[in-house]
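First up is the structure itself, then whatever we jot down about it.
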Amino acid sequence: TEEGVCEIWLTSEDTGAYGKDIGTDLPTLLWRLVEEIPEGAMLRLGMTNPPYILEHLEVLSLSVCSCVCVCVLCYGIHI
10 TEEGVCEIWL
20 TSEDTGAYGK
30 DIGTDLPTLL
40 WRLVEEIPEG
50 AMLRLGMTNP
60 PYILEHLEVL
70 SLSVCSCVCV
80 CVLCYGIHI
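This is the structure we're talking about:
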């Protein structure tokens, strides 16, 4: 962000499953990112499947509502 980056995209084939293989999870990653992202920057979270993201919705809503950056959940349908 020191070079003017104002938008960070966090995406994968299934972002909601982040960390299942390494003993962590998506909310933990988001909390760490929110601590580092400067005020006003945008964080976009995309590409997830309901089985993995639903277990994190309550914690994700807390991290999104408490951060100083702008968090956007990107929705889409792939056919």
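In terms of the working numbering, the sequence shown opens at residue 10 and continues consecutively. A virtual CB, placed ideally from N, CA and C, is assigned to each residue, including glycine. These numbers come from a predicted model, not from an experiment.
Of the residues the options, the one placed nearest residue i, counting alpha carbons only
i     : options                       : result
Trp18 : Leu71, Pro59, Met51 and Val43 : Met51
Val1  : Thr37, Ile46 and Asp23        : This structure leaves residue 1 out entirely; the chain is present only between 10 and 88.
Thr20 : Asn58, Leu71 and Leu66        : Asn58
Ala26 : Gly49, Ser70 and Leu63        : Leu63
Leu35 : Glu11, Leu54 and Gly49        : Leu54
Glu16 : Ile31, Gly49, Met56 and Arg41 : Gly49
Reduced DSSP secondary structure (H/G/I, E/B, other) of residue i
i     : result
Ile31 : coil
Glu16 : strand
Near the ligand COA: residue i beta-carbon under 7 Å from a heavy atom
i     : result
Ile46 : This structure does not include the ligand COA; it has no bound ligands of any sort.
Give the list of continuous beta strand (DSSP E) stretches no shorter than 3 residues that lie fully inside the region 37-74. 51-54
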